[in-house]
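Notes follow once the structure below has been shown.
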Amino acid sequence: MEIDIEQELQILKSEYNTLKKELKKQDTLNEKFFKSIRKQPALAVSKEIKSRMWLDILTIPAVMIICLNTNFPILFGILVSLWALADLGISLWVSRKLGMDDLLNDDVRTVTEKIAGYRKFYDWALIGSILPLIVMLTYIFMHLYARAENLAAVQLITVSGIVFIILAIANTLFQYKKHVQRCKELLKQFEE
């Protein structure tokens with residue numbers, strides 16, 4: 224009888240070890256699965272900041288080419304380039320500070336703090352860019368109005384400017400809505 228109990232204990236121990244290995248495999252699979260689910264919005268958030276940096280980089284030569292080919296003052300091109308460089312530097316600093324490339328490698332609390340930090344940066348960057356943008360648009364329109372030769376040109380500049388500003392505002396609001404939605408999706412996944 225004792226042999227049967229000992230044999231049963233060995234069998235149970237073996238089954239327990241097998242179960243433990245299977246549970247460990249399942250935990251690993253679950254973690255990989257959840258990481259892959261979280262990866263899409265995390266990549267979108269990371270891509271968002273990289274796109275912003277590329278836009279800043281491309282702005283510098285584009286504005287200089289425009290200034291040189293349209294007889295716009297080079298000082299305007301330099302000021303817009305400095306604005307783009309400042310935004311690039313801040314975006315790069317925030318990206319490194321928050322570690323957006325390794326977003327999913329941290330614990331839940333750290334990831335939620337990083338996402339909240341990025342949201343705060345995005346909001347402040349949007350607010351902070353309003354004044355330089357207004358100054359830049361005012362300067363552009365003043366310069367174009369000074370060059371206008373007749374009333375039809377002034378009207379064309381005004382209508383074009385209004386349409387451009389409305390489209391820019393709509394695009395900015397659309398991008399902001401997408402940004403908020405991505406961040407909320409990512410935070411929701413970590414809260415579950």
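Per the working numbering, the sequence shown starts with residue 224, numbered consecutively. In this text, a Cβ means the ideal position worked out from N, Cα and C, and glycines have one as well. Predicted, not measured: the structure shown is a model, and the values here were computed from it.
By how many angstroms is the C-alpha of residue j removed from the C-alpha of residue i?
{"i": "Trp-306", "j": "Ala-393", "result": "22 angstroms"}
{"i": "Tyr-399", "j": "Lys-244", "result": "46 angstroms"}
{"i": "Asn-294", "j": "Asp-346", "result": "35 angstroms"}
{"i": "Ala-309", "j": "Trp-277", "result": "13 angstroms"}
{"i": "Gly-322", "j": "Glu-231", "result": "53 angstroms"}
{"i": "Lys-273", "j": "Gly-340", "result": "16 angstroms"}
{"i": "Ile-288", "j": "Arg-332", "result": "46 angstroms"}
{"i": "Val-334", "j": "Lys-411", "result": "12 angstroms"}
{"i": "Leu-291", "j": "Ile-280", "result": "18 angstroms"}
Let me confirm a value: residue i is counted as buried when at least 16 other C-beta atoms fall within 10 Å, else exposed. Which label applies?
{"i": "Arg-319", "result": "exposed"}
{"i": "Leu-379", "result": "exposed"}
{"i": "Val-286", "result": "buried"}
{"i": "Leu-409", "result": "buried"}
{"i": "Lys-248", "result": "exposed"}
{"i": "Asp-227", "result": "exposed"}
{"i": "Ile-338", "result": "buried"}
{"i": "Val-377", "result": "exposed"}
{"i": "Val-317", "result": "buried"}
Please determine, among the options, the residue with the shortest C-alpha to C-alpha distance to residue i.
{"i": "Ser-383", "options": "Ile-228, Tyr-368, Gly-322", "result": "Tyr-368"}
{"i": "His-402", "options": "Tyr-362, Glu-336, Gln-249, Ser-269", "result": "Ser-269"}
{"i": "Thr-361", "options": "Ala-285, Leu-281, Phe-299", "result": "Phe-299"}
{"i": "Ile-385", "options": "Arg-405, Ile-363, Phe-397, Ala-348", "result": "Ile-363"}
{"i": "Ala-391", "options": "Leu-349, Asn-373, Leu-242", "result": "Leu-349"}
Pick helix, strand or coil for residue i, following the three-state DSSP scheme.
{"i": "Glu-372", "result": "coil"}
{"i": "Gly-300", "result": "helix"}
{"i": "Asn-294", "result": "coil"}
{"i": "Gly-312", "result": "helix"}
Alpha helix (DSSP H) runs contained entirely in the stretch 325-408, provided each spans 4 or more residues: 331-351, 353-370
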